[in-house]
Every structure is written in structure tokens, then in C-alpha cells.
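Chemist: After the C-alpha cells below, expect a handful of questions from me.
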Amino acid sequence: MPSLPLFHSPSTFLTLTCMSIFSLLHLPLINATLTLPRILPLSLRDQQASAEYTNDKTFKNAVLNVTNTYRRLHNATAVTWNDTSAKYAQEWGNACVFKHSGGPTGENLSSGYPNLTSSLTAWYYENIQYSYTKAEFSKHTGHFTQLVWKATTTVGCSRTECNNKNDGGAPGWYVVCEYYPPGNVIGYFKENVQQEWLGKSGDLLIARILVMVVAMIHILFI
């Protein structure tokens with residue numbers, strides 16, 4: 382069983398916890414105006430280099446820990462690290478161009494987030510928009526579906542401090558993750574993107590309170 386991810390700030394921990402509870406319980410909106418806030422990239426001057434970016438071992442562990450924590454929620458087995466995919470991701474990321482490489486593997490991109498955990502959490506947060514009934518690809522949920530795709534067995538990622546180098550559209554740290562076998566295969570969503578475990582209805586009030594707490598943290602500190 383994969384260990385839980387390490388968090389480098391209380392807001393990151395609370396955000397990840399609340400997003401997981403929110404998705405597990407399929408919570409309705411508390412009212413028409415309150416929704417779970419998306420983790421938005423910080424401005425470049427506000428970013429601090431996270432150990433998840435600057436340390437190779439910490440980066441790799443964060444990729445596997447966070448990814449496998451989310452995959453476990455959707456009955457998907459843990460992925461392992463793929464050095465070949467990581468090398469490909471680094472070669473593509475070094476160009477600091479924010480677009481897909483068009484390579485043979487599944488690929489997720491992010492840029493401008495303060496640490497790797499928040500990057501992967503943003504991908505997972507797309508699950509709120511995913512329809513398990515339709516079970517089909519959408520550009521609004523493609524990062525999430527690749528992240529938890531059951532048939533995927535390995536992942537390799539890179540990070541590059543681009544800071545909009547060469548006007549490539551990649552602010553801050555640019556993250557590229559390659560997945561094999563690739564996900565988002567048309568016609569196979571139903572069996573590969575499974576609905577997460579549903580919590581008990583009695584947990585609803587607690588989850589709502591946590592959602593409100595993380596919303597306040599984002600408003601006050603981010």
C-alpha cells in the first residue's frame with residue numbers, strides 16, 4: 382500500500398484532504414455561490430522553490446505517493462516509476478513550451494504551481510466535472526482520467542524551472558508526466574475510470590465544514 386504524500390504547507394494538506402472528501406462523498410453545493418476553490422498557480426514573485434521540485438528523490442516520491450493515493454480511491458493499482466518515460470518527459474520539458482509532445486504515451490502537463498502536490502491535485506480536481514454515466518473523454522477532465530486510468534502501470538515525470546523562458550507559455554516550474562500504457566482510450570472509459578468509494582451520509586456535515594475551511598484559507602492566504 383502506498384504511503385500518504387508529504388505536504389510542505391498546511392494549506393496544501395487541507396486542500397488535498399478536502400478535495401478528496403468532497404469527491405468521495407459527491408457533495409452537493411452548500412449553496413448556489415459556494416464551490417470548492419480551484420488551486421490556482423501563484424504569481425512568479427510569490428513562488429518559493431519547493432523541495433518537491435529541487436530534490437530528485439523528493440520529486441519522485443511525491444509523484445508516486447500523490448498519484449497512487451488518488452488511484453487507490455478509484456480502485457486502480459499503484460503505478461511504478463518509469464525511467465524511460467521520465468527521460469522523455471525531461472527532454473520535452475527542457476524546451477519550456479507548454480503544449481503536448483504528441484508522443485506514444487499518455488501525457489499530463491502543468492505549470493506555475495508552487496509544488497508538485499498542488500499540480501497533481503489540480504489534475505485530480507477535474508473529477509468533479511467527470512460524468513461516470515457518460516464515461517467519455519472531455520478536454521475538461523482528461524488530466525484526471527489519465528491520472529486514475531486503471532490500465533496504466535507506470536509513470537515518469539520531469540520538472541523544469543521555465544519562468545516563461547522563450548515565451549513558451551510555461552510560467553514557473555513546468556511539470557510533464559508520461560503514462561504507460563496511455564489512458565484516455567476512446568471506448569474504454571467505463572472499465573478504466575471507476576467511481577470512487579462513497580462515504581457515509583453522516584460524514585456530510587464534517588465534509589462541508591472542511592470545504593468551507595479550505596475556501597477561507599484560499600481567500601485569506603493565497
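Be aware that the sequence shown starts at 382, since it is given in this note's numbering, and climbs by one per residue. Note that beta-carbon positions come from the ideal geometry of N, C-alpha and C, so glycine has one too.
Could you tell me if Asn456 is buried or exposed, where buried requires 16 or more neighbouring beta carbons within 10 angstroms of its beta carbon?
Modeler: exposed
Chemist: Suppose you measure from the CA of Thr439 to the CA of Ala432; what does that come to, to the nearest Å?
Modeler: 7 angstroms
Chemist: Please name the residue or residues paired with Val444 in a DSSP beta bridge.
Modeler: In the DSSP output, where bridge partners are listed per residue, Val444 has none listed.
Chemist: State the DSSP-derived secondary structure class of Val478, mapped to helix, strand or coil.
Modeler: If DSSP states are grouped into helix, strand and coil, Val478 belongs with coil.
Chemist: Can you tell me whether Cys558 is helix, strand or coil according to DSSP?
Modeler: strand
Chemist: What are the boundary residues of the beta strand (DSSP E) that Ser492 is part of?
Modeler: Gly487 to Ser492
Chemist: Span of the alpha helix (DSSP H) holding Ser519?
Modeler: Neither: Ser519 is in no alpha helix (DSSP H) and is coded neither H nor E.
Chemist: What does the alpha-carbon distance come out to for the pair Trp504 and Thr498?
Modeler: Those two C-alpha atoms are separated by around 10 angstroms.
Chemist: If we count the other Cβ atoms within 10 Å of its Cβ and call it buried at 16 or more, is Gln527 buried or exposed?
Modeler: buried
Chemist: Quick one: what does DSSP say Trp462 is sitting in, helix, strand or coil?
Modeler: Trp462 falls in the strand class under three-state DSSP.
Chemist: Express the C-alpha separation of Asn442 and Val556 in angstroms, rounding to a whole number.
Modeler: 15 angstroms
Chemist: Spatial neighbours of Glu517 within its chain, please: CB distance less than 6 angstroms, with the 5 preceding and 5 following residues excluded, ordered by chain position.
Modeler: Cβ within range, chain order: Phe570.
Chemist: Which one of Ile567, Thr535, Val529 and Leu501 has the shortest CA to CA distance from Gln576?
Modeler: If we check each option's Cα against that of Gln576, Val529 comes out closest.
Chemist: Report the three-state DSSP secondary structure of Glu542 (helix, strand or coil).
Modeler: strand
Chemist: Please report the straight-line C-alpha distance between Trp462 and Tyr451, rounded to a whole angstrom.
Modeler: 16 angstroms
Chemist: For Val536, list the residues DSSP reports as bridge partners.
Modeler: Trp462 and Tyr560
Chemist: Name the two residues that bound the continuous alpha helix (DSSP H) containing Lys571.
Modeler: Phe570 to Asn573
Chemist: Which residues mark the beginning and the end of the alpha helix (DSSP H) in which Tyr506 is found?
Modeler: Leu497 to Tyr506
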